[in-house]
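Counting in this note's numbering, the sequence shown runs from 18 upward without gaps.
No residue lacks a Cβ here, since even glycine has one placed at the ideal position from N, Cα and C.
To start, the structure itself, in structure tokens.
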Amino acid sequence: MRLKNLVSQFESLETPFYHYDLDLLKQTVSEVKELAEKYDFDIHYAVKANSNERILSELNDAGFGADCVSGNEVKLASKVGFSSESILFAGVGKTDKEINIALDLNIKAFNCESTQEIEVLNDLAGKQNKVAEISLRINPNVDAKTHKYITTGLDENKFGINQVDLEVLVSKLPEWKNINLTGLHFHIGSQITDMNVFKGLCLRVNELQNWFEDNAIKIEHLNLGGGLGINYLSPDEESIPEFKTYFGIFNEFLERKPGQKVHFELGRSIVGQCGSLITRVVFIKNGINTDFAIVDAGMTELMRPALYQSYHQIENLSSEGEVKNYDVVGPICESTDCFGKSVKLPETRRGDFIALRSAGAYGEVMTSRYNLRDQNAPLYTE
Ligand SMILES: *Cc1c(COP(=O)(O)O)cnc(C)c1O
């Protein structure tokens, strides 16, 4: 509804572009903050979900830390103002160059995912006469019950250290003089909507941290990753995700040791609903089954439908006409460049504004220049 009120503002702009509702972002942030304070949880924003500087500043101002997955994300977080103490660096394939960037900036901790990575980090930290703090990312073999392309915590996934390797790894710790293992890290997937999954994660984490304790390793912090899903089907009915239930589960089922810090790395749930991709209809074309609404945004601006068959609610902001079915497709020369098949829309005409909703996370960040596409600046409203 609110987007329709902005159409006059959209008229003068070149499409497609991202629109961000900063008011909704602020409301979402304040809900997360309130609950995090209540339960004494630390929030690190997962920069990869949306690394738009305006949004990053907002999240830095809110007092969140930054969870980064590349050297450039680490650099950007630092540039935007996140303190070194609040930056974490995760990822299965950190290069020497990236590790050095993070060491130079004295970030808080590295989330390490393999024995070889720890060896390399130990070596590079040694060259700088530093001791790098690390968390072990453990693959807990918990099924996130989400799309298979965004499941990360099963044995078959490339992420994390498998439990069978832990014993050998822990036996090597005394040799590594330039790293200090202080935490455990888990991230089992994204767009998780079955809350029982998080309960299952808590139970596995409890077992695992007891194993570390039995091996005389003190775990000072637990990092439970991100993954909380958003409501793509009804963005207006649920514009702020179920943070209460989510944090409540961790509060209830996670066995926290005295003095232990608990971190979360939320991405999608914080920024997903505040963004929409705004596009204009270029042509209407008759189809055999349904007509096509060909819009000026494509998979180059919003890759999620092509990449993991994801659903975004599609709204015509310019028409109140009779409802018909349209295949809403982009201009890119790929058959997967389709935002929705047989979408019910009011009669749609050339020039109408179409909004692809819930595109704040993993939208703008995945933009590509394939087909030599233009990239238009986002619009922010408060
Ligand atoms: C992507 C990612 C996140 C954020 O996931 P969301 O589903 O967007 O909350 C958190 N931690 C790690 C390690 C990630 O790779």
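Alpha carbon of residue i to alpha carbon of residue j, nearest angstrom
| i | j | result |
| --- | --- | --- |
| Ala63 | Leu245 | 12 Å |
| Asn69 | Glu136 | 33 Å |
| Leu141 | His202 | 22 Å |
| Val97 | Val91 | 10 Å |
| Val340 | Lys361 | 6 Å |
| Val15 | Tyr387 | The structure shown does not extend to residue 15, since the chain is modelled only from 18 through 399, so no value can be given for it. |
| Val46 | Lys302 | 42 Å |
| Lys77 | His36 | Looking at the sequence itself, residue 77 is Asn, so the reference to Lys does not match. Cα to Cα, the separation comes out at about 20 Å. |
| Asp369 | Leu186 | 59 Å |
| Glu51 | Arg374 | 26 Å |
| Thr199 | Asp160 | 26 Å |
| Leu190 | Ile234 | 10 Å |
| Val222 | Asn139 | 26 Å |
| Glu230 | Ala376 | 42 Å |
| Glu102 | Arg71 | 21 Å |
| Asn232 | Asp172 | 23 Å |
| Lys111 | Gly88 | 8 Å |
| Gly304 | Pro395 | 33 Å |
| Val298 | Ile371 | 7 Å |
| Thr296 | Lys274 | 50 Å |
| Gln392 | Gln133 | 39 Å |
| Asn195 | Ala149 | 6 Å |
| His204 | Gln290 | 21 Å |
| Leu154 | Trp193 | Just to set this straight, residue 154 is Arg in the shown sequence, not Leu. So the two alpha carbons sit approximately 17 Å from each other. |
| Ile60 | Phe300 | 45 Å |
Residue i - DSSP class collapsed to helix/strand/coil
| i | result |
| --- | --- |
| Pro363 | strand |
| Thr398 | strand |
| Leu241 | coil |
| Asn333 | strand |
| Asn393 | coil |
| Leu373 | strand |
| Asn248 | coil |
| Val86 | coil |
| Leu30 | coil |
| Tyr379 | coil |
| Arg19 | coil |
| Arg154 | strand |
| Tyr325 | helix |
| Asp40 | helix |
What are the uninterrupted segments assigned as alpha helix (DSSP H) that are 4 or more residues long and contained completely in the region 157–234, given in chain order? 183–189 and 213–231
With three or more C-beta pairs closer than 8 Å as the rule, is the region 348–366 touching the region 300–317? yes
Any 3 or more C-beta pairs closer than 8 Å across the region 383–390 and the region 312–326: yes
List in chain order: all unbroken alpha helix (DSSP H) runs of 4+ residues lying wholly within the region 261–308. 285–288
Of all residues in the structure, which have a C-beta closer than 5 Å to any heavy atom of ligand 1, taken in chain order? Ala63, Ala66, Ala107, His204, Ser207, Gly242, Gly243, Gly244, Glu282, Leu283, Gly284 and Arg285
Are the region 104–113 and the region 73–85 touching by the rule of at least three beta carbon pairs closer than 8 Å? yes
With a floor of 3 residues, list each beta strand (DSSP E) that falls wholly inside the region 100–150, ordered by position along the chain. 104–106 and 126–129
Below 8 Å, can you find three or more Cβ-Cβ pairs linking the region 249–257 to the region 24–31? no
With three or more beta-carbon pairs closer than 8 Å as the criterion, would you say the region 217–229 touches the region 265–273? yes
When you compare the region 160–180 with the region 112–123, are there three or more beta-carbon pairs, one atom per stretch, that lie closer than 8 Å? no
Uninterrupted beta strand (DSSP E) stretches inside the region 44–95 (no shorter than 3 residues): 58–63 and 82–85
Can at least three beta-carbon pairs, one atom from the region 277–290 and one from the region 54–63, be found at a separation below 8 Å? yes
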